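J.: Sending over a structure as structure tokens; questions will come in a sec.
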Amino acid sequence: MTAEKRSFCQLICHINVRIGWTIFGIVFGISAVLTYAIKFQNWSATATCAIATLFACETLYLYWALKKNTIVNWKTSTFQLMIWPNIFIGLLGLIGCLVCYIIAGITHQGAGSIQAMYGENLWFTGSWSLVITKWTWQNAFFARKYINKVGGGASEDGEDVDDDDQVEEIKY
């Protein structure tokens, strides 16, 4: 791998960039919630968008803890409690996306005009259900990745690591 590719990856994968994109996602989600509720009265899209935005806030919380290195003080059980609920809710989001798209297609709901956006429209609800899946599975992957780094899994030589072992600093 060349130095240019490595430095580009380090740039786009840097924690500050991830925090920035997450904040952008939260702001976009809040504005979409307000737009769907006030302008279009699409309540199912409003609800799924709000749920997706809440999971984006969870992502921001995780990234901020990593940036400030307070994540090393978290208990292993904190990460374990994040994994399965996020996977399950993400699976529900994926199923919801498919169901919404199928129903929207069968009932010939439009999505190509501004007029089609007014009232309930399952194309938008399905899209936000997919966003729920994105945020939740990202959080589950993050928790699974860092559970080993803070002492919840096996060390590099294969031996179990105790919760009492101190991790100096997690390098991202």
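Note that the sequence shown covers residues 1 to 172 in full-length UniProt numbering.
Backbone N, C-alpha and C define an ideal beta-carbon position, used for all residues, glycine too.
Nothing here was measured: the structure is a model prediction, and the numbers come from that model.
#1: Looking at the secondary structure, which residues open and close the alpha helix (DSSP H) in which W64 lies?
#2: Can you give me the Cβ contacts of N16 inside the same chain, cut-off strictly under 7 Å, excluding the 5 residues immediately before and after it?
#3: Is Q138 helix, strand or coil by DSSP?
#4: Would you tell me roughly how many angstroms separate the C-alpha atoms of P85 and I103, rounded to the nearest one?
#5: Suppose the cutoff is 6 Å on Cβ atoms and the five residues either side in sequence are ignored; what does the same chain contact list for M117 look like?
#6: Mapping the DSSP letters down to three states, classify I30 as helix, strand or coil.
#7: With a Cβ-Cβ cutoff of 8 Å, do I19 and W74 count as a contact?
#8: If the criterion is Cβ atoms closer than 8 Å, does the pair I83 and A140 meet it?
#9: Less than 8 Å separating the beta-carbons of G105 and S129?
#10: Report yes if the CB atom of G90 is closer than 8 Å to the CB atom of T125, and no otherwise.
#11: Start and end of the alpha helix (DSSP H) containing Y101?
#12: From V150 to A111, what does the alpha carbon distance come to, in whole angstroms?
#13: On the CB-based measure, 16 or more other CB atoms within 10 Å of its CB, does I95 come out buried or exposed?
#14: Can you list, in chain order, the residues of its chain whose CB lies under 7 Å from that of T35, leaving out five sequence neighbours each side?
#15: Pull up the CB-CB distance for I26 and C57, whole angstroms please, since I reckon it's below 8 Å.
#16: Under a three-way DSSP split, which group does G112 fall into?
#17: Return the CA-CA distance between Q138 and T59, expressed in angstroms with no decimal places.
T.: Reading off the structure:
#1: Element bounds for W64: W43 to K67.
#2: none
#3: helix
#4: In a straight line, the C-alpha of P85 is about 26 Å away from that of I103.
#5: F40
#6: In this structure, I30 counts as helix in the three-state DSSP scheme.
#7: no
#8: yes
#9: Against a cut-off of 8 Å, the Cβ pair of S129 and G105 comes out as no contact.
#10: no
#11: T76 to I106
#12: Roughly 46 Å between the two C-alpha positions.
#13: That one is exposed.
#14: none
#15: 6 Å
#16: coil
#17: Inter-residue distance for Q138 and T59 is about 8 Å (C-alpha atoms, whole angstroms).
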